[in-house]
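Worksheet: the structure to be examined is printed underneath.
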């Protein structure tokens, strides 16, 4: 198992489609089905992205999610933190103060400053977070676009558009799901 | 919960005591009790460190664990990988190939090269691993030693020495535990 869950992977893939969707909202269900992943799983990710202010919900029959900010201003770190929470690399339990020789009364020097082990872990975490902060959804989207044929992006926009148009027609009683 | 488990924290704290123990072996039980942490928990960490070649077991009544290498040559990355396994930051499931428009037959361009999302995660992982690789058990031990009074280190060595001396006396039938 990896440190980051598949929620992060699914979430970023979904957000990349929102970058290319020309300001049209897309539902979490449509984004999940477009990518062949679990709709219920993806449905749980979007409220976290919304809570973090990365997406906003557009209400109504043809509603869905939109990016709340320009894609260049949404970093990978923003997305990871939104989905995983600000999960630290290392949880220091201050073991240094528990030494049997202290007899339950650790001297001041034993817990002065940051534990040297924790300090290394904080450096490693910072290096990881800086890399994630340096990459935006916009820059990764551009890399993807360079690889995909022009026609493909149009086809995807068409597919998502058809899904939206197909909702809420006469006689259809299905409640639209954001 | 943090990305790295408390096994890493306990393991590194134990190894730091082996750096300062003047080549005397110490048992996992003694190291756990010295630090006021679970003996059964620590007992499960040392076989991983031994398997990775970071410590070696010295057999016999007064046996225990010793560092297998000079502390300056044991990096934090070695220890983390030994205890956690080479756990990746991100597990790419190649979602890019699953697009509904491919109808189960993704074109070559869709999976060419590394997925752009995975590439960012690999960079972040590399930044974290480089920081962990740049810090050795020896350097962190020196930082600790600068903080602790000289007498304390002698007291700990004495405490561990007494525990070893106390083992396997006449009439004692307890099997020594490494």
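Protein chains in written order, with the numbering used here: chain A, 461 to 638; chain B, 461 to 638. Ideal placement from N, C-alpha and C gives every residue a C-beta, glycine not left out. Every value quoted in this text rests on a predicted model; they were computed, and no experiment measured them.
List, in order along the chain, the chain A residues whose C-beta lies closer than 8 Å to that of residue i?
i                     : result
residue 616 (chain B) : 559, 561
residue 496 (chain B) : 555, 558, 559, 560
Near residue i, what residues of its chain come up, given a Cβ to Cβ distance below 7 Å and the 5 sequence neighbours on each side ignored?
i                     : result
residue 470 (chain B) : 497, 501, 502, 505
residue 537 (chain A) : 589, 592, 593
residue 473 (chain B) : 495
residue 482 (chain A) : 617
residue 479 (chain B) : 527, 531, 597, 598, 601
residue 562 (chain B) : 570
What in chain B is Cβ-close to residue i, meaning under 8 Å?
i                     : result
residue 619 (chain A) : 560, 561
residue 470 (chain A) : 555
Bridge partners for residue i per DSSP, in chain order?
i                     : result
residue 527 (chain B) : B:515
residue 535 (chain A) : A:596
residue 486 (chain A) : A:525
Listing by chain order, which chain B residues have their CB less than 7 Å from the CB of residue i?
i                     : result
residue 591 (chain A) : 583, 584, 587
residue 489 (chain A) : Going along chain B, no residue has its Cβ under 7 Å from residue 489 (chain A), so there is no contact; the nearest lies around 12 Å.
Just to confirm my understanding: we take residue i, look at its own chain, exclude 5 residues before and 5 after, and list those with CB closer than 8 Å. What are they?
i                     : result
residue 490 (chain A) : 524, 620, 623, 624
residue 546 (chain A) : none
residue 613 (chain A) : 480, 605
residue 540 (chain A) : 464, 468, 592
residue 514 (chain A) : 475, 527, 528, 529, 534, 538, 539, 542
residue 629 (chain B) : Bear in mind that the predicted position of residue 629 (chain B) carries a pLDDT of just 47, short of 50, making it too unreliable to give a figure here.
Is it the case that the Cβ atoms of residue i and residue j are separated by a distance below 8 Å?
i                     : j                     : result
residue 534 (chain B) : residue 527 (chain B) : yes
residue 466 (chain B) : residue 602 (chain A) : no
residue 462 (chain B) : residue 550 (chain A) : yes
residue 571 (chain B) : residue 558 (chain B) : no
residue 608 (chain A) : residue 569 (chain B) : yes
residue 464 (chain B) : residue 544 (chain B) : yes
residue 518 (chain A) : residue 485 (chain A) : yes
residue 542 (chain A) : residue 509 (chain A) : yes
residue 493 (chain A) : residue 584 (chain B) : no
Which same chain residues end up closer than 6 Å to residue i when comparing Cβ atoms and leaving out the 5 residues on each side of it in sequence?
i                     : result
residue 631 (chain B) : Note that residue 631 (chain B) has pLDDT 40, beneath the 50 cutoff, so the model's placement of it is unreliable and no number is given.
residue 635 (chain A) : With a pLDDT of only 47 at residue 635 (chain A), under the threshold of 50, the placement of this residue in the model should not be trusted, and no figure is reported.
residue 516 (chain A) : 526, 528
residue 595 (chain A) : 536
residue 578 (chain B) : 552
Note down, in chain order, every chain A residue with its Cβ under 7 Å from the Cβ of residue i.
i                     : result
residue 595 (chain B) : 580
residue 493 (chain B) : 560
residue 479 (chain B) : Those within 7 Å of residue 479 (chain B) in chain A number zero; the least Cβ separation is about 12 Å.
Please list the partners that residue i has in chain B, where partner means a Cβ-to-Cβ separation under 9 Å.
i                     : result
residue 505 (chain A) : Near residue 505 (chain A) there are no residues of chain B at all, since even the closest Cβ is about 13 Å away, more than 9 Å.
residue 502 (chain A) : Residues of chain B passing the Cβ test: none, with the nearest at roughly 11 Å.
Residues of chain A with CB under 9 Å from residue i, in chain order?
i                     : result
residue 547 (chain B) : 461, 462, 463
So residue i contacts chain E; which residues on that side make the cut at Cβ distance below 9 Å?
i                     : result
residue 569 (chain B) : In the structure shown, chain E cannot be found, because the protein chains are A and B.
(message) List, from N- to C-terminal side, the alpha helix (DSSP H) runs of 4 residues or more that fit wholly inside the segment 552-594 of chain A.
(response) 576-593
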